[in-house]
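These protein sequence lines map, in sequence, to chains Z and E. When we follow the numbering used here, the leftmost residue of the first sequence carries the number 107, and every step to the right adds one. When we follow the numbering used here, the leftmost residue of the second sequence carries the number 107, and every step to the right adds one. Even for Gly, the Cβ is constructed at its ideal location relative to N, Cα and C.
There are 2 protein chains.
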Amino acid sequence: MKEQIGIGIIGFGTVGSGVYHILTTKASKLSQRARTDIKVILVAEKYPELLKDRIPVELVTTDAYEVINHPDIDIVVEVIGGIEPAYSFIKKALENGKHVVTANKALMASRGGSLLELAESKGVDLFFEASVGGGIPIIRPLKYCLAGNAIQRVMGIVNGTTNYVLTKMAEEGMPLDKALKEAQSQGFAEADPTADIEGHDAAAKIAILASIAFNSRVTAEQVYAEGIMDIAPEDIAYALEMGYAIKLIALAKEDECGVDVRVHPAMIPASHPLASVSGVMNAIFVEGDAVGEVMFYGPGAGSLPAASAIVGDIFEVVLNIKLKKMGSTGCSCFEHKEVKAIDEIDSRYYMRLDAVDRPGVLAKIAQVFGEDNVSIESVIQKNTYGGCAELVFVFYAVKERNLRESLKKIGQLDVVNKICNVIRVEG
Amino acid sequence: MKEQIGIGIIGFGTVGSGVYHILTTKASKLSQRARTDIKVILVAEKYPELLKDRIPVELVTTDAYEVINHPDIDIVVEVIGGIEPAYSFIKKALENGKHVVTANKALMASRGGSLLELAESKGVDLFFEASVGGGIPIIRPLKYCLAGNAIQRVMGIVNGTTNYVLTKMAEEGMPLDKALKEAQSQGFAEADPTADIEGHDAAAKIAILASIAFNSRVTAEQVYAEGIMDIAPEDIAYALEMGYAIKLIALAKEDECGVDVRVHPAMIPASHPLASVSGVMNAIFVEGDAVGEVMFYGPGAGSLPAASAIVGDIFEVVLNIKLKKMGSTGCSCFEHKEVKAIDEIDSRYYMRLDAVDRPGVLAKIAQVFGEDNVSIESVIQKNTYGGCAELVFVFYAVKERNLRESLKKIGQLDVVNKICNVIRVEG
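This is the structure in structure tokens:
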């Protein structure tokens, strides 16, 4: 039996400092629960001035390879983010026979498969609970607790920044740019919020969840991502009027043609559990053929929530070491399923357009949709001003390609001034 | 490496038949994921006529010990419920070196500690995810994913029957007995609903969650349980008016004096995530010092949801067998904390009383509370009829013993006709 399990942390930013804090303040409780000593051996940080007076100087190095090659370190925690040098660090750590715990969504969503295979071949664990949903337990429940299910759909709010912005727009009628500025001043959005606002952060997360849910590797690059920049206060107002909330949704589902994985704003019925997830909170809604519907809700970001998930992973590795588990579960993507192009998906849609306000306009538009077999579920016409009418349509489920072709014709009608927005409807 | 892992099921009722269904219809996928064959070897059922035409006759026995002693069975699934003979079956199975998966809340809440210790001493797993929250993953997330947290509070809606009744009362203004009859006719309540309605089912579940959350054994017998029978339509109406929902809450929290574990109806602010959990759905809200607030939501009962949890447990055992894990994690209750008596708890309270409708009555009542240091947060007086007034008080947090003593005096005032109801306020 090992007397002590050594931890090395690479990166002492928001998450790394949280991990260090939990591991040191809870050392005795964790050790007691695991019945073995857990100790931080070394912290690698490129900017060691960050650590000044915060951790003993002898625990600090600027060289990540000192952590990766340290003989007393059993578990390497990677919390620097990004693809490189994180990939090289983790690869080398696994090759050295170290267990690895990471919060790196970008890396796991692009090279997770090869790293999990490497971990398995070396008989070590590679855990990444913190990569999706911050402190919310979701990877482990989805991978293990729900193993008896054919997962039908995973639908989540997995980006706190955009959810904060959309909540402010809905609750206080703020325009998007103002809500975004407020998110930045509150520390909920980065100085450059592109990755959040354009849906790339959420795309990496849903790629990870889809890979687990469907046992087939989906990378971030394969995920269609559409951000929230085009959401106007008018759309939010119509959504409320029709009994919907607009949320940035990360969605993965499966049919006989392949997996449908995407990130985009969507109208969600107000009665859906995701509709009331507000501010920076995250939630992931999972549908399985046995369990039905389950939802996991909590803080999707932040130092201590993310650190909570990482320490949970560390705790599992410690138990595995203590119980002499031989090998690891590795990658669960034993199938190879097509990822559907966005043109091929089926969805319901909301569309808002500006038209000329005169008799017969609605008939002209409706005729085009009718000819193209795009079925209208409901129409609202109002806000007449200066000879213009605002028309809002909701369509029954239709293939996206068909809708786009029809919209091209609609846009060319002389009675149509502008198609203002098209938003998918999920629920 | 074992070629095949054998499963034996004791009990072919609602849950057992669901487990059999999943294991047989998903055999190939589960075996592929676990990279080892998983096979049902034997099913024991006291009433074998239940199994007629549903499973091959050679898989059926009426003798549970045939399952427990079968050399090809590695994992025994106990789904008969109740204390005996389930306890004897599980004990013998563990002694035989079998891993055990159970959904038995009553047993785990009364003798879980000794069974977990026995499992550990035999180096086998004893999993019980299905014992709380049906299909909702909660035991494993709480025990492992949130291991880095000092858990501050667990608060859940863990009984679908009572939540259905309370939802019907709130949404349709039904009286309790009518709502309960409807629950029975819908199959959401048993012919004898006592264990649900009086809170004993929820008490067993919160005993299990409290034991995990606070690393200290809490048994069902130690949990204060108060049912929903006294909830009147008037209470529901006042709750709505004041911005609350009434839910049967199972709660566990900790302070320096011990753990406070109880089941009772409670007023929950309408904005709290638990307030919108309706019908037969369950949800468990967990507060940890690192993660903040997380919530797990889903179906708390039913054949396939419960079977989903059991098959998740089986899947973990299979991985552990495959990876030659030596030993088990056993019981995590390494501390011994006092369970507080209900008199010793601190809570906010709602009280509804009938008083004589004449000047000075409110002053008289308020004076008694003032002398007893029971602080009034808000008062509503209305519904005057036939010389009577209905008074509703909400009190700031106070020790329950102090409130009860004060209420005794209030009940003896000549201006008070009756104390109609007292409901704790949580949030």
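(request) Locate the alpha helix (DSSP H) running through residue 473(Z), then write down its first and last residues. (result) In the first sequence, the residue the question calls residue 473(Z) occupies position 367. Under the DSSP assignment, residue 473(Z) falls in the alpha helix (DSSP H) whose first and last residues are 467-477.
(request) Alpha carbon to alpha carbon, how far is residue 322(Z) from residue 441(Z)? Give it in angstroms, no decimals. (result) As a first step, residue 441(Z) is located in the first sequence; it is residue number 335 there, counting from the start. As a first step, residue 322(Z) is located in the first sequence; it is residue number 216 there, counting from the start. Approximately 5 Å between the Cα atoms of the pair.
(request) Only counting runs of 3 or more residues, tell me where the beta strand (DSSP E) segments fall wholly within the region 370-427 of chain E, in order along the chain. (result) The region 370-427 of chain E contains these whole beta strand (DSSP E) runs: 387-394, 398-405.
(message) To be precise: take each residue of the region 138-170 of chain Z, compare its Cβ to all Cβ atoms of chain E, and keep it if any distance is under 9 Å. Which residues remain?
(response) Considering only beta carbons, the part of the region 138-170 of chain Z lying closer than 9 Å to chain E consists of 138, 139, 140, 141, in chain order.
(request) Measuring only between beta-carbons, confirm whether residue 385(Z) sits less than 8 Å from chain E. (result) Within the first sequence, the letter at position 279 stands for residue 385(Z). Chain E contact via Cβ: absent.
(message) Can you check whether the C-beta of residue 222(Z) is within less than 8 Å of a C-beta belonging to chain C?
(response) In the structure shown, chain C cannot be found, because the protein chains are Z and E.
(request) Inspect the beta-carbon positions of residue 334(Z) and residue 303(Z) and report whether they are closer than 8 Å. (result) Start at 1 with the first residue of the first sequence, and residue 334(Z) comes out as number 228. Start at 1 with the first residue of the first sequence, and residue 303(Z) comes out as number 197. In this structure, residue 334(Z) sits near residue 303(Z), with a CB-CB distance shorter than 8 Å.
(message) Going by beta-carbon coordinates alone, are residue 263(E) and residue 353(E) separated by less than 8 Å?
(response) By one-based count along the second sequence, residue 263(E) stands at place 157. By one-based count along the second sequence, residue 353(E) stands at place 247. Between residue 263(E) and residue 353(E), the gap from beta carbon to beta carbon is short of 8 Å.
(request) Return the residue from the list 402(E), 275(E), 519(E), 462(E) that minimises the CA-CA distance to residue 475(E). (result) Taking the first residue of the second sequence as 1, we reach residue 475(E) at position 369. Checked all of 402(E), 275(E), 519(E), 462(E); the closest Cα to residue 475(E) is 519(E).
(message) List, from N- to C-terminal side, the beta strand (DSSP E) runs of 3 residues or more that fit wholly inside the region 114-185 of chain E.
(response) Taking 3 residues as the shortest admissible run, the region 114-185 of chain E contains the following complete beta strand (DSSP E) segments, listed from N- to C-terminal end: 143-150, 181-184.
(request) Decide if residue 411(Z) is buried, meaning its Cβ has at least 16 other Cβ atoms within 10 Å, or exposed. (result) Position 305 of the first sequence, counted from the start, is the residue given in the question as residue 411(Z). Only buried fits residue 411(Z), as 16 or more other CB atoms lie within 10 angstroms of its CB.
(request) Measure the Cβ-Cβ separation of residue 527(Z) and residue 338(Z) and say whether it is below 8 Å. (result) Numbered from its first residue, the first sequence carries residue 527(Z) at position 421. Numbered from its first residue, the first sequence carries residue 338(Z) at position 232. Note that the C-beta distance between residue 527(Z) and residue 338(Z) is below 8 Å.
(request) Within the region 195-230 of chain Z, note down every full beta strand (DSSP E) run reaching 3 residues or more, in order along the chain. (result) Counting only runs of 3 or more, we get 205-208.
(request) Tell me, please, which residues DSSP counts as bridged to residue 457(E). (result) Taking the second sequence and counting its residues from 1, the one referred to as residue 457(E) is at position 351. Its beta-bridge partners are 499(E), 528(E).
(message) If I follow the unbroken alpha helix (DSSP H) through residue 250(Z), where does it start and stop?
(response) As a position in the first sequence, residue 250(Z) is number 144, starting the count at 1. Where residue 250(Z) is concerned, there is no enclosing alpha helix (DSSP H), given that its DSSP letter is neither H nor E.
(request) Have a look at 505(E), 401(E), 477(E) and flag the residue whose alpha-carbon is nearest the alpha-carbon of residue 450(E). (result) Your numbering for residue 450(E) matches position 344 in the second sequence. Measuring from the Cα of residue 450(E), the nearest candidate turns out to be 505(E).
(message) Could you tell me which whole alpha helix (DSSP H) segments of length 4 or greater appear in the region 327-372 of chain Z?
(response) The region 327-372 of chain Z is shown to contain whole alpha helix (DSSP H) runs of 4 or more residues at 339-348, in chain order.
(request) Would you decide whether residue 169(E) is buried or exposed? Buried here means 16 or more other CB atoms lie within 10 Å of its CB. (result) By 1-based counting over the second sequence, the position of residue 169(E) is 63. Counting the other Cβ atoms within 10 Å of the Cβ of residue 169(E) gives fewer than 16, which makes it exposed.
(request) Give a yes or no on whether the C-beta atoms belonging to residue 121(E) and residue 416(E) are separated by under 8 Å. (result) As a first step, residue 121(E) must be located in the second sequence, where it is residue number 15. As a first step, residue 416(E) must be located in the second sequence, where it is residue number 310. Yes, the pair counts as a contact, with Cβ atoms nearer than the cut-off.
(message) With the cut-off set at 8 Å, would you say residue 355(Z) and residue 261(Z) are in Cβ contact?
(response) Taking the first residue of the first sequence as position 1, residue 355(Z) is located at position 249. Taking the first residue of the first sequence as position 1, residue 261(Z) is located at position 155. Inclusion of residue 355(Z) and residue 261(Z) in the CB contact set at 8 Å is warranted, their separation being smaller than that value.
(request) Classify residue 523(Z) as helix, strand or coil using the three-state DSSP reduction. (result) For this step, residue 523(Z) is matched to residue 417 along the first sequence. Under the three-state reduction of DSSP output, residue 523(Z) falls in the strand class.
(message) Can you tell me whether residue 153(Z) is buried or exposed? The criterion is at least 16 other CB atoms within 10 Å of its CB, across all chains shown.
(response) One-based indexing of the first sequence puts residue 153(Z) at position 47. If you draw a 10 Å sphere on the C-beta of residue 153(Z), you find fewer than 16 other C-beta atoms in it, and that means exposed.
(request) Identify each residue in the region 243-260 of chain E for which the Cβ-Cβ distance to at least one residue of chain Z is less than 7 Å, and report them in chain order. (result) So the list reads 243, 246, 247, 250, 251, 252, 253, 254, 255, given in the order they occur along the chain.
(message) Whether or not the region 204-213 of chain E and the region 128-146 of chain E are in contact is what I'm after, with contact meaning three or more pairs of Cβ atoms, one per stretch, closer than 8 Å; do they touch?
(response) Verdict: no, contact absent.
(message) Using 8 Å as the threshold, is the C-beta distance between residue 316(E) and residue 358(E) below it?
(response) Residue numbering aside, residue 316(E) sits at position 210 when the second sequence is read from its first letter. Residue numbering aside, residue 358(E) sits at position 252 when the second sequence is read from its first letter. The answer is yes: Cβ separation under 8 Å.
(request) Would you mind sorting residue 431(E) into buried or exposed? The rule is 16 or more other CB atoms within 10 Å of its CB. (result) Within the second sequence, the letter at position 325 stands for residue 431(E). Residue 431(E) comes out buried.
(request) Please classify residue 130(Z): is it buried, with 16 or more other beta-carbons within 10 angstroms of its beta-carbon, or exposed? (result) The residue given as residue 130(Z) occupies position 24 in the first sequence. The C-beta of residue 130(Z) has fewer than 16 other C-beta atoms within 10 Å across all chains shown, which makes the residue exposed.
(request) Sort 461(E), 246(E), 386(E), 376(E) by Cα distance to residue 318(E) and report the nearest one. (result) The residue given as residue 318(E) occupies position 212 in the second sequence. The shortest C-alpha separation from residue 318(E) is found at 246(E).
(request) Answer with yes or no whether the minimum CB distance from residue 115(Z) to chain E is below 8 Å. (result) Translated into the one-based positions of the first sequence, residue 115(Z) becomes position 9. Not one chain E Cβ lies under 8 Å of residue 115(Z).
(message) Does residue 317(Z) come out as helix, strand or coil in the three-state DSSP assignment?
(response) By one-based count along the first sequence, residue 317(Z) stands at place 211. Of the three classes helix, strand and coil, the one that applies to residue 317(Z) here is helix, per DSSP.
(message) If I follow the unbroken beta strand (DSSP E) through residue 275(E), where does it start and stop?
(response) Start at 1 with the first residue of the second sequence, and residue 275(E) comes out as number 169. Counted as a single uninterrupted DSSP element, the stretch harbouring residue 275(E) is not any beta strand (DSSP E) but the alpha helix (DSSP H) occupying residues 266-278.
(request) Note down, in chain order, each residue of its chain lying with its Cβ closer than 6 Å to the Cβ of residue 208(Z), except the 5 sequence neighbours on either side. (result) Along the first sequence, one-based indexing puts residue 208(Z) at 102. The beta carbon of residue 208(Z) is closer than 6 Å to those of 184, 234 in its chain, skipping five residues each way along the sequence.
(request) Figure out for me which residue from 438(Z), 393(Z), 483(Z), 405(Z) has the closest Cα to the Cα of residue 255(Z). (result) Stepping through the first sequence from its first residue, residue 255(Z) is reached at position 149. When only C-alpha atoms are compared, the closest one is 393(Z).
(request) For the beta strand (DSSP E) holding residue 464(E), just list the boundary residues, first then last. (result) Within the second sequence, the letter at position 358 stands for residue 464(E). First-last for residue 464(E): undefined, no H or E at that position.
(request) Starting from the beta carbon of residue 237(E), find every residue of chain Z whose beta carbon is closer than 9 Å, and list them in chain order. (result) Counting from one through the second sequence, the residue named residue 237(E) turns up at place 131. Those do not exist, as residue 237(E) stays about 13 Å from chain Z at its closest Cβ, beyond 9 Å.
(request) For residue 430(E), go through chain Z and note every residue whose CB falls closer than 9 Å to its CB, in chain order. (result) For this step, residue 430(E) is matched to residue 324 along the second sequence. Near residue 430(E) (Cβ distances below 9 Å), the residues of chain Z are 430, 431, 432, 433.
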